[in-house]
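Everything on this sheet refers to the single structure shown next.
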Amino acid sequence: MQTKDLEYFMKLVDKKNYSRVANFFKVSQPTISYAIKRLEESLGTKLIRNDPGHHTIIITDAGRQFYQRAQVATHQLELAKSEIISATLPKIRLGLPPILGTYFFPQFVASLQEHQLLDKIEAYTTGSSEALNDLLDGTINIALLGSTDPLSANDLETKLLAEYPFVIVAPENSSFTGDSISFKEASQNNFINFEEGFVHNRVFSLLKRSVGVDPNIIFKTTEAEILKRVVAAGGGIALLTKLAVTSNDKLKILTLTDSFIPTFKIYVTFRTGYVLDANEAAFIDIISNF
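So the sequence shown is numbered by UniProt numbering: it starts at 1 and just counts up by one.
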């Protein structure tokens, strides 16, 4: 069974027309027909039936079942190619979301440098959702991911590294008394929020629904440092993981008293079945046992 035959078959199922498939691959129509015939002979069943009256084709039950399997098989082949190519590269291709890269990763730098691994890391700085997609399609091989939910999947090996609470941050000289606040109380203030794609927004939406409030969002940003500076300058308050708050920030930290708030969980993860090289294994060992 040839992989090209699988590609022709899947495209034929999608386009339902031999000529269109031939044009797509820039081959002759008989090339597509012979490929389908080879597959059918190999499997001992009909995958495609012609429907001349409607100038299209009919996918048989066996064809639909084979199509599902072929999609998985071709994806695995592409993944294998990517992994083999990456095995020849000296770099550790690491997904590193901005907040984790700024506030979590630096604590490992000295140890990574000591083990001569720091210069072998090629960081892909994207959000956790995009990093997860890059991990699954083989663009990267390891990722640090932030999530509010337990991260588990059949196609991922994961290890929980740390958890941090979500807090409210306000200007250092704000009039808030005490060191805690309910989200209902906090909702009476203007909020500085992240743009879409941050796990903070899911927690913010959860709090809104649970408490039944709709705080005014006065400013949005994609950068945690900008968010903190706008808050410190008196622009409003913000929901932020405590991981991103440092002693140098001119901010007041208010613990949320609501009992149903998830934590900000940090995982290191790689694909199930992926064979780590020596550098990758050493990297995971260092950050897992720091």
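Just so you know, even glycine gets a beta-carbon here, dropped at the ideal spot from N, CA and C.
Every value quoted in this text rests on a predicted model; they were computed, and no experiment measured them.
Euclidean distance between Cα positions of residue i and residue j
i: P150; j: L160; result: 9 Å
i: N189; j: R202; result: 19 Å
i: T222; j: A110; result: 28 Å
i: K81; j: G197; result: 30 Å
i: G273; j: D249; result: 42 Å
i: P70; j: L112; result: Pro is not the amino acid found at residue 70; the sequence shown has Ala there. When rounded, the distance between both Cα atoms is 41 Å.
i: N17; j: Q68; result: 19 Å
i: M10; j: L206; result: 41 Å
i: D5; j: L79; result: 18 Å
i: Y124; j: A281; result: 18 Å
i: Y34; j: E157; result: 41 Å
i: Q107; j: I226; result: 22 Å
Sequence-distant residues of the same chain with beta carbon closer than 8 Å to residue i, five excluded per side
i: D51; result: I57, I58
i: L251; result: V169, A170, P171, E172, K228, V231, A232, V245
i: G236; result: N189, N190, F191, I192, I218, F219, V230
i: L43; result: A62, F66
i: V72; result: none
i: P165; result: T241, K242, T255, L256, I261, T263, F264
i: I140; result: R93, L94, G95, Y124, A131, D134
Beta-carbon contacts of residue i that lie in its chain and below 6 Å, excluding the five residues immediately before and after
i: A224; result: I99, A244
i: S128; result: P97, L145, G146
Which residues DSSP lists as bridging residue i, in chain order
i: E122; result: R93
i: L134; result: Correcting the residue identity first, residue 134 is Asp in this sequence and not Leu. Paired residue(s): none; D134 is not in a bridge.
i: residue 366; result: Since the first and last residues shown for the chain are 1 and 290, residue 366 lies out of range.
i: L144; result: V268
i: I58; result: R49
i: L156; result: R271
For this session: Indicate whether the contact test is met: 3 or more Cβ pairs, each with one atom in the region 136-143 and one in the region 209-222, closer than 8 Å.
Result: no
Problem set entry | Contiguous beta strand (DSSP E) assignments of at least 3 residues, all confined to the region 250-289 | 251-256, 264-271
Problem set entry | Completely contained alpha helix (DSSP H) runs for the region 182-240, where each covers 4 or more residues | 183-186, 199-211, 224-232
Exercise. Should the region 40-48 be regarded as contacting the region 62-72, the criterion being three or more beta carbon pairs within less than 8 Å?
Worked result: yes
For this session: Write down every uninterrupted run of the alpha helix (DSSP H) in the region 6-36 whose length is 4 residues or greater and which is fully enclosed by it, in chain order.
Result: 18-25
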